[in-house]
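Following this line, the structure appears as structure tokens:
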């Protein structure tokens, strides 16, 4: 797909006339890894990054024609952080799809009342108090 076709595809996808398009380099913060997609040369670089990252890449679309790269530079100056300071803090971080939470045991254990659903009992009749697992263990 050529750059022109890619831009047309994205504009049709978002059903809006966008002004600027960006992508972020993998495993980088936006402040450090944001790159603009403005012409065929930038598009080739975008494709190289995409293919080197298992064809996954984040695309950002600016609908209001704000210069995001200038805004990021202003943020850097305001905060006084340099890119190297930010990267040093982020050395051991790992991107993950799941989040683990610490869980403390509950002090109070609530009893859940037993309820016999006649519909479920009819579909899968198991005599109350008797569960036979032996049939499941014998596999031919």
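Residue numbers (the numbering used here): 70 to 209.
C-beta: ideal position from N, C-alpha, C; glycine also.
Here the alpha carbons of residue 182 and residue 127 stand approximately 48 Å from one another.
Inclusion of residue 106 and residue 93 in the CB contact set at 8 Å is not warranted, their separation being larger than that value. A distance below 8 Å separates the beta carbons of residue 100 and residue 141.
Collapsing the DSSP output to three states places residue 180 in coil.
One Cα belongs to residue 81, the other to residue 74, and the distance between them is close to 10 Å. Distance from the CA of residue 115 to the CA of residue 143, rounded to the nearest whole angstrom, comes to 25 Å.
Using a Cβ distance threshold of 8 Å, residue 70 and residue 79 do not count as a contacting pair. Cβ-Cβ distances below 7 Å link residue 83 to 130 in the same chain, with the five nearest sequence neighbours on each side left out; the list follows chain order. A Cβ-Cβ separation of about 14 Å leaves residue 72 out of contact with residue 117 under the 8 Å criterion. For residue 89, the pairing in a beta bridge is given by DSSP as 131.
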